[in-house]
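The letter at position 255 of the sequence shown is residue 612 when you use our numbering, and the numbering goes up by one with no holes. Below you'll find the structure, written out as C-alpha cells, and then a few comments.
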Amino acid sequence: MDVHAHLGPYSLFHIPDPDAVTMVDVMDRTGTEVTVLSANRAIQQDAHLGNSQALAAVDAHPGRIAAYAVINPWQDPKRELERLAGDERFVGIKVHPTLHRYPVTGARYAAVWAFAEETGCPVVSHSEHRSAYDAPPLFEAVAEKYPRASVILGHAGITPAGVDEAIEAAVRHESLWLEVCGSQMTGPLIMGMIERVGGHRVLFGSDFPFIDQRMSLGRVVCAPLTESQRQDVLSGNARRLFRWRPLPENEGLTDE
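This is how it looks when you write it as C-alpha cells:
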C-alpha cells in the first residue's frame, strides 16, 4: 500500500510520465496493491478541478488507485469537505501548508481537523523541517487540540533533523503517524522511527512521480526490519488506519 503519491504535471519543474497509467504499470512491477494519490493541480492551482482529476484516475483504475481530497485553505475548503463527505471514492484528506503558505495550526484548517475527528478520515500533510507552515513540532498543537484526528506526517519532516523532530512528536502523540518517502530518507532513519515510535504507526509512501516507487520501496525492503515490521509498514498499518473508507482489496494480485 502506497499512501503518498501524486498525479499529473507539476508547475515548478518537469516530471516525466506523471500519469496514472505509468503509475499502475510500476505498481504491477513492484507488487503494490493500491496507491493513494492527490493531484498536483489540486495542490497547486485548483483544488476542485484537481480533485476531479484524481477521481478520474480512480475510475480508470478501479481497485488500484484511491484518492485524497486536497483541501486548500484559500479555495472554499467547506465545498471540498462537503464533496469529500459525499463521494466514497475519496478515502482521506491531503493538505500542503508549505505550498499553500498557510500554517497547519491556522484557523482555516480547523474544519479539516474537526471532520477528521468526527469521521475517522485520515489526513496526510506535507511536513518539512524548519518550515514556518508545517515543521513537525507544529503538529503537536494540532494533536493536542484534536486528539482523535489521525494525521500522517508526509515525508516525516524530510531531512534527518526533521525526521528526529517527527519522531519526537509522534512519541508524544498517538494520533500522529509517520510516512517514509523523501529524497533524503534512508533505511537507518526508517529503523529509528520503528525503534522509537513503534512499527504500528509507520507507513510506506513513495512520493511518485517525484520519486520512483521502486526506489522508495527498496528503502523499506532492504532495511534491517523483521518480516512482521516490514509487512506492517508496507500494508498492515495502512489497512488499520484507513478504516473510514477501507482501501480496495486485491487478493488476486501476484508477483510475476
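Every residue gets a Cβ at the ideal spot worked out from N, C-alpha and C, and that includes glycine. A quick note: this is a predicted structure, and the numbers were derived from the prediction, not measured.
heavy atom of the ligand NAD below 7 Å from P581 C-beta: Among the components modelled here there is no ligand, and therefore nothing to report on the ligand NAD.
So, are the CB atoms of L546 and V577 less than 8 Å apart? Residue mapping note: residue 546 aligns to position 189 of the sequence shown, counting from 1. Residue mapping note: residue 577 aligns to position 220 of the sequence shown, counting from 1. No; because the gap between Cβ atoms is not below 8 Å, this pair is not in contact.
According to DSSP, is A489 part of a helix, a strand, or is it coil? Within the sequence shown, the letter at position 132 stands for residue 489. Reduced to three states, the DSSP call for A489 is coil.
Taking the alpha-carbon positions, what's the P375 to G511 distance? For the purposes of this step, residue 375 is taken as the residue at position 18 of the sequence shown. For the purposes of this step, residue 511 is taken as the residue at position 154 of the sequence shown. Approximately 19 Å between the Cα atoms of the pair.
Under a three-way DSSP split, which group does A445 fall into? Residue 445 sits at position 88 when you count from the first residue of the sequence shown. Note that residue 445 corresponds to Glu in the displayed sequence, not to Ala. E445 falls in the coil class under three-state DSSP.
Neighbourhood of V481 by C-beta distance below 6 Å, restricted to the same chain and skipping five residues each side: If you number the sequence shown from 1, residue 481 lands on position 124. Excluding residues within five positions, the ones whose Cβ falls inside 6 Å are K451, I509 and G511.
Distance CB(A527)-CB(R558) smaller than 8 Å: In the sequence shown, residue 527 corresponds to position 170, counting from 1. In the sequence shown, residue 558 corresponds to position 201, counting from 1. Contact flag set, yes.
For S563, three-class secondary structure by DSSP: Counting from 1 along the sequence shown, the entry for residue 563 is found at position 206. It is coil, neither helix nor strand.
Please list the segments of the alpha helix (DSSP H) lying wholly inside the region 508 to 551, counting only runs of 4 or more residues, in order along the chain. Annotation: the region 508 to 551 contains the following complete segments of the alpha helix (DSSP H) (minimum length 4 residues), in chain order: 517 to 529.
Would you be able to state if there are at least three C-beta pairs under 8 Å between the region 487 to 503 and the region 427 to 436? no
Need the endpoints of the alpha helix (DSSP H) that H405 sits in, please. To locate residue 405, count along the sequence shown from 1; it is residue 48. Per DSSP, H405 belongs to the alpha helix (DSSP H) from A404 to A417.
In chain order, what residues of the same chain have a beta carbon less than 6 Å from the beta carbon of L696, not counting five sequence neighbours either side? Nothing can be reported for residue 696, as the shown portion of the chain is limited to 358 through 613.
Rounded Cβ spacing between L456 and I400 (contact assumed at less than 8 Å): For this step, residue 456 is matched to residue 99 along the sequence shown. For this step, residue 400 is matched to residue 43 along the sequence shown. Between I400 and L456 the Cβ distance is about 6 Å, and since that is below 8 Å, they are a contact.
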